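Peer 1: Residue numbers for the sequence shown follow our numbering, so the first one is 3 and each next one is one higher.
Here a beta-carbon is modelled for each residue, glycine too, at the ideal position from N, C-alpha and C.
Note that this is a predicted model, so its numbers are computed, not measured.
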Amino acid sequence: MTDVSGIAVGQAEAAGAKTGVTVILPDSRAVCAVDVRGGGPGTRETDALDAHTLVDAVDAVVLSGGSSYGLAAADGVAAELGASGRGFALFDMPGVPRSPVVPSAILYDLANGGDKAWGASPPYRDLGRDALAAVSSGPVALGRAGAGFGAMAGTHPGGTGSASLVTGEGYTVGALVCVNAFGSVTMPGLDDVYWAWPHEIDGEFGGGRPPAGWQASPADWGAAKVNPGVRENTTIAVVATDAALTPAQARRLAIMAQDGLARAIRPVHTPFDGDVVFALSTSARPLPESGAELALAALGSACADTLARAVARGVHAARTQAV
Numbered sequence: 003m004t005d006v007s008g009i010a011v012g013q014a015e016a017a018g019a020k021t022g023v024t025v026i027l028p029d030s031r032a033v034c035a036v037d038v039r040g041g042g043p044g045t046r047e048t049d050a051l052d053a054h055t056l057v058d059a060v061d062a063v064v065l066s067g068g069s070s071y072g073l074a075a076a077d078g079v080a081a082e083l084g085a086s087g088r089g090f091a092l093f094d095m096p097g098v099p100r101s102p103v104v105p106s107a108i109l110y111d112l113a114n115g116g117d118k119a120w121g122a123s124p125p126y127r128d129l130g131r132d133a134l135a136a137v138s139s140g141p142v143a144l145g146r147a148g149a150g151f152g153a154m155a156g157t158h159p160g161g162t163g164s165a166s167l168v169t170g171e172g173y174t175v176g177a178l179v180c181v182n183a184f185g186s187v188t189m190p191g192l193d194d195v196y197w198a199w200p201h202e203i204d205g206e207f208g209g210g211r212p213p214a215g216w217q218a219s220p221a222d223w224g225a226a227k228v229n230p231g232v233r234e235n236t237t238i239a240v241v242a243t244d245a246a247l248t249p250a251q252a253r254r255l256a257i258m259a260q261d262g263l264a265r266a267i268r269p270v271h272t273p274f275d276g277d278v279v280f281a282l283s284t285s286a287r288p289l290p291e292s293g294a295e296l297a298l299a300a301l302g303s304a305c306a307d308t309l310a311r312a313v314a315r316g317v318h319a320a321r322t323q324a325v
């Protein structure tokens, strides 16, 4: 994700509670859109991202564990950004603070065995502040990190994944995902072969391949969660690009990027998941004046492939780490 110039990422965890928060922070306000496909989403400020609304850019995006408690992580981020003078304002008025726009999405990790006896003081507001304080343009920690710290991907450990790609036209796309899916990221009977294997680059998630002639049974979901509970799943993600996009174009990018989840998780977008994908544009490089929509289609396809890789990379890293 941080290979996209102008994008920084911060992560914070509460190890005892087996939960965490991830903040995606653009250097300056960025165009943002969202696409929600899961049946049990938990979000904040996503309505403000519609192309017809007043606000056409955001100050940060927050991903969090903790189910509905985790939405408070964005409060901590918004408070810190507002205190530093960042945010939206129609007019600059003395004594009137700007309003940071910080959309967020959460996943369910409340039943993962961590200590959630926090009473009336859940840790997420502080975790949001900590993640913001940790933002960096360096490599993103994969696996048990940030909002994916306490996640499960089917019956495998879930986690945070990230990947990037430079398109043939020279645009950079990046993806960050926290995988807590009901579905399986590996193929039935092939525990080390990921559904995303056709998109793998340089053996980044193990290099496993299905044997010649292998076929999946339509009824075999492999390592999916067999007893999903209400709101106990969800894969949440952000894709970003340096291409200059309008809010409507960013929405198309988010829609196309969702196909990356379908390439990497089976089944996906179920009634038990709250799958959400945000799309960010730093607007550093304009689309071509001629053929802009074709360029957007290529970007969307690249984002889907990159998100599929990020899913497998995150789970692959988590499987090698202690829970």
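1. Measuring CA to CA, which of Asp58, Val64, Ala250 and Asp29 is closest to Gly150?
2. Going by Cα to Cα distance, which pick from Ile267, Pro99 and Val270 is closest to Ala81?
3. Nearest-angstrom Cα distance between Phe184 and Thr272?
4. If Val241 and Gly176 are in contact, beta carbons under 8 Å, what's the gap, nearest whole angstrom?
5. According to the neighbour-count rule (16 or more other Cβ atoms, all chains shown, within 10 Å of its Cβ), is Ala251 buried or exposed?
6. Which first and last residues belong to the alpha helix (DSSP H) in which Pro249 is found?
7. Start and end of the beta strand (DSSP E) containing Ser303?
8. Could you compute how far the alpha carbon of Val279 sits from the alpha carbon of Ala122?
9. Determine contact between the stretch 38-53 and the stretch 244-262, defined as no fewer than three beta-carbon pairs at a distance below 8 Å.
10. Quick one: grab the DSSP three-state call for Tyr196.
11. Alpha carbon to alpha carbon, how far is Ala91 from Gly84?
12. Within this structure, are the beta carbons of Tyr173 and Ala245 separated by less than 8 Å?
13. What whole-angstrom Cβ distance do Arg127 and Gly78 have, given they're in contact under 8 Å?
14. Is it buried or exposed, Phe2, if we count other Cβ atoms within 10 angstroms and call 16 or more buried?
15. Whole angstroms are fine: how far does the CA of Ser219 sit from the CA of Gln13?
16. At which residues does the beta strand (DSSP E) containing Glu79 begin and terminate?
17. Compare the Cα-Cα distances from Ser186 to each of Trp223, Trp120 and Val6 and report the closest residue.
18. Give every residue of the same chain whose Cβ lies closer than 7 Å to the Cβ of Lys118, excluding the five residues on either side of it in the sequence, and list them in chain order.
19. Check this for me: beta carbons of Gly145 and Gln323, under 8 Å apart or not?
20. Could you spell out where the alpha helix (DSSP H) holding Asp37 opens and where it closes?
21. For Ala76, tell me which candidate among Ala306, Glu47 and Ala198 has the shortest Cα-Cα distance.
22. Between Val23 and the rest of its own chain, which residues show a CB-CB distance below 6 Å, the 5 nearest in sequence each way excluded?
23. I believe Gly208 touches His318 by the beta-carbon criterion, under 8 Å. Please report the beta-carbon distance rounded to the nearest angstrom.
24. Terminal residues of the continuous beta strand (DSSP E) containing Gly22?
25. Report the residue ranges of all beta strand (DSSP E) runs contained in full by the stretch 80-166; include only those spanning at least 3 residues, in chain order.
26. So, with DSSP's three-state summary, where would you put Gly41?
27. If you compare alpha carbons, which of Pro269, Thr284, Ala59 and Gly8 is closest to Pro230?
28. Could you give the residue range of the beta strand (DSSP E) that holds Ala281?
29. Please determine if the stretch 287-305 and the stretch 156-165 are in contact, where contact requires at least 3 C-beta pairs separated by less than 8 Å.
30. Please state if the CB of Ser30 and the CB of Ala286 are separated by a distance shorter than 8 Å.
31. State the Cα-Cα distance for the pair Glu234 and Leu109, rounded to the nearest angstrom.
32. Excluding sequence positions up to five away, which residues of its chain have a Cβ less than 6 Å from the Cβ of Leu167?
Peer 2: Taking the coordinates as given:
1. Within the sequence shown, the letter at position 148 stands for residue 150. Looking at the Cα atoms, Val64 is the closest of the given residues.
2. Locating residue 81 in the sequence shown gives position 79, where the first residue counts as 1. Looking at the Cα atoms, Pro99 is the closest of the given residues.
3. Locating residue 184 in the sequence shown gives position 182, where the first residue counts as 1. Locating residue 272 in the sequence shown gives position 270, where the first residue counts as 1. Each residue's Cα considered, the two are about 8 Å apart.
4. For the purposes of this step, residue 241 is taken as residue 239 along the sequence shown, with counting starting at 1. For the purposes of this step, residue 176 is taken as residue 174 along the sequence shown, with counting starting at 1. Yes, they are in contact, since the Cβ atoms of Val241 and Gly176 sit about 7 Å apart, within 8 Å.
5. Start at 1 with the first residue of the sequence shown, and residue 251 comes out as number 249. This sequence places Gln at residue 251; Ala is not what is there. Its Cβ being crowded by 16 or more others within 10 Å, Gln251 is buried.
6. Working through the sequence shown from its first residue, we reach residue 249 at position 247. Taken as a continuous stretch (DSSP letters only), the alpha helix (DSSP H) holding Pro249 covers Pro249 to Ala266.
7. As a position in the sequence shown, residue 303 is number 301, starting the count at 1. Looking at the DSSP string, Ser303 is not in any beta strand (DSSP E); the run it does join, the alpha helix (DSSP H), is Ala294 to Ala320.
8. The count along the sequence shown starts at 1 and reaches residue 279 at position 277. The count along the sequence shown starts at 1 and reaches residue 122 at position 120. Near 30 Å, if we compare the C-alpha coordinates of Ala122 and Val279.
9. yes
10. As a working note, residue 196 is residue 194 in the sequence shown. Looking at Tyr196 - three-state DSSP - the assignment turns out to be strand.
11. Here residue 91 refers to the residue found at position 89 when the sequence shown is read from its first residue. Here residue 84 refers to the residue found at position 82 when the sequence shown is read from its first residue. Going by the C-alpha atoms only, they are around 11 Å apart.
12. What you label residue 173 is simply residue 171 of the sequence shown in a count that begins at 1. What you label residue 245 is simply residue 243 of the sequence shown in a count that begins at 1. In contact: Tyr173 and Ala245 (Cβ atoms closer than 8 Å).
13. Counting from 1 along the sequence shown, the entry for residue 127 is found at position 125. Counting from 1 along the sequence shown, the entry for residue 78 is found at position 76. Confirmed, about 4 Å.
14. The chain is shown from 3 up to 325; residue 2 falls before or after that span and cannot be answered.
15. Within the sequence shown, residue 13 is the residue found at index 11, counting from 1. Within the sequence shown, residue 219 is the residue found at index 217, counting from 1. Roughly 38 Å separates the two Cα atoms.
16. Within the sequence shown, the letter at position 77 stands for residue 79. The amino acid at residue 79 is misidentified as Glu; the sequence shows Val. Taken as a continuous stretch (DSSP letters only), Val79 belongs to no beta strand (DSSP E), being part of the alpha helix (DSSP H) at Ala75 to Ala85.
17. Within the sequence shown, the letter at position 184 stands for residue 186. Comparing Cα positions, the closest option is Trp223.
18. In the sequence shown, residue 118 corresponds to position 116, counting from 1. These residues qualify, in order along the chain: Ala19 and Leu112.
19. As a working note, residue 145 is residue 143 in the sequence shown. As a working note, residue 323 is residue 321 in the sequence shown. Result yes, Cβ atoms of Gly145 and Gln323 sit closer than 8 Å.
20. One-based indexing of the sequence shown puts residue 37 at position 35. Element bounds for Asp37: not the alpha helix (DSSP H) but the beta strand (DSSP E), Val33 to Val38.
21. As a working mapping, residue 76 is identified with position 74 in the sequence shown. Per the Cα distances, Glu47.
22. On the sequence shown, residue 23 is found 21 positions in, with the first residue counted as 1. Closer than 6 Å at the Cβ level, and outside the excluded window around Val23, lie Ala14, Ser66, Ala75, Leu129, Gly130, Ala133 and Ala149.
23. What you label residue 208 is simply residue 206 of the sequence shown in a count that begins at 1. What you label residue 318 is simply residue 316 of the sequence shown in a count that begins at 1. With a Cβ gap of about 6 Å, Gly208 and His318 count as contacting.
24. Start at 1 with the first residue of the sequence shown, and residue 22 comes out as number 20. Looking at the DSSP string, the run of the beta strand (DSSP E) that includes Gly22 is Thr21 to Pro28.
25. 106-108
26. For the purposes of this step, residue 41 is taken as residue 39 along the sequence shown, with counting starting at 1. DSSP places Gly41 in coil when its eight states are reduced to three.
27. Taking the first residue of the sequence shown as position 1, residue 230 is located at position 228. Of the candidates Pro269, Thr284, Ala59 and Gly8, the one whose C-alpha sits nearest the C-alpha of Pro230 is Pro269.
28. The residue labelled residue 281 in the question sits at position 279 within the sequence shown. Start and end: Val278 to Arg287.
29. no
30. For the purposes of this step, residue 286 is taken as residue 284 along the sequence shown, with counting starting at 1. For the purposes of this step, residue 30 is taken as residue 28 along the sequence shown, with counting starting at 1. The answer is no: Cβ separation not under 8 Å.
31. Along the sequence shown, read from residue 1 onward, the residue named residue 234 stands at position 232. Along the sequence shown, read from residue 1 onward, the residue named residue 109 stands at position 107. Taking the straight line joining both Cα atoms gives about 8 Å.
32. Locating residue 167 in the sequence shown gives position 165, where the first residue counts as 1. Counting only Cβ-Cβ distances below 6 Å, and skipping sequence neighbours, we find Val175, Ala304 and Thr308.
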